[in-house]
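Residue 160, in numbering that gives the first Met the number 0, is where the sequence shown stops; the numbers in between run on with no holes. Even for Gly, the Cβ is constructed at its ideal location relative to N, Cα and C. Below is one structure, written out as structure tokens, with a few remarks after it.
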Amino acid sequence: MGDRVPSSDKKNSFNQEQRELTKLQKDGIKKRLANNPVVEFVGIKLVEVAPGRSNLVLPHREELQNSMGVLQGGILGVLADVAGGVSLYSVLPDPVKVVIPTIEFKLNFLRPAGGEDVRARGRVAHHGRRIAVCQVDLSTKAETLLATGLFTYMIKEVEKA
């Protein structure tokens with residue numbers, strides 16, 4: 000019950016029956032990712048997005064490893080944050096008209112990520128008018144869970160110039 004926005008405020012509502020993304024949502028997500036220099040720098044790739052869900056991959060690159068030869072934890076945090084953000088953008092009517100700064104996240108590292116691509120699967124756990132929580136799992140191609148986390152975002156309309 001708390002997951003729904005009152006019907007009087009539909010601009011950020013989460014339509015739980017939505018089966019496919021609208022063209023506006025698809026284009027907005029692509030634009031958001033294309034305009035994020037960190038996504039390009041780290042090399043995150045969008046695999047799939049559906050309403051309330053995302054699937055991304057981070058191809059393994061040695062320059063992202065730490066001194067122990069595994070992916071640096073902050074890089075995994077970036078991947079998880081982007082996966083949560085894409086999941087959230089997928090339920091907003093027009094992703095270009097809002098920004099979703101991360102206001103908190105907790106990422107539990109369960110196993111080291113070394114030598115292979117990392118998959119990120121995000122899903123919207125709660126969506127309100129101004130705050131949303133997304134759950135993200137990071138895993139190997141063989142589905143070995145590497146990390147799991149919760150990400151909290153503020154939903155703000157883009158200020159008009």
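Contact under 7 Å by Cβ, residue i with residue j
i    : j    : result
V81  : I43  : yes
T143 : N107 : no
R52  : P94  : no
Residue i versus residue j - alpha carbon distance
i    : j    : result
A49  : S86  : 8 Å
K96  : E156 : 6 Å
D2   : G113 : Low confidence applies to D2: its pLDDT is 36, below 50, so where it sits in the model is not reliable enough to give any reading.
V132 : A124 : 6 Å
L145 : E158 : 38 Å
V56  : D136 : 12 Å
D26  : L45  : 13 Å
K9   : P92  : Confidence in K9 is poor, its pLDDT being 42 and thus under 50, which makes the residue's placement unreliable; the coordinate value appears in the next sentence. C-alpha separation (whole angstroms): 9 Å.
R18  : E115 : 32 Å
L20  : A79  : 21 Å
Limits of the unbroken beta strand (DSSP E) element including residue i
i    : result
Q134 : I130 to S138
S53  : R52 to L57
E158 : Taken as a continuous stretch (DSSP letters only), E158 belongs to no beta strand (DSSP E), as it is neither H nor E.
N- and C-terminal bounds of the alpha helix (DSSP H) containing residue i
i   : result
I28 : K22 to A33
G84 : G72 to Y88
(message) Under 8 Å, with one C-beta from each stretch per pair, do the stretch 90–104 and the stretch 59–74 reach the 3-pair mark?
(response) The stretch 90–104 is not in contact with the stretch 59–74.
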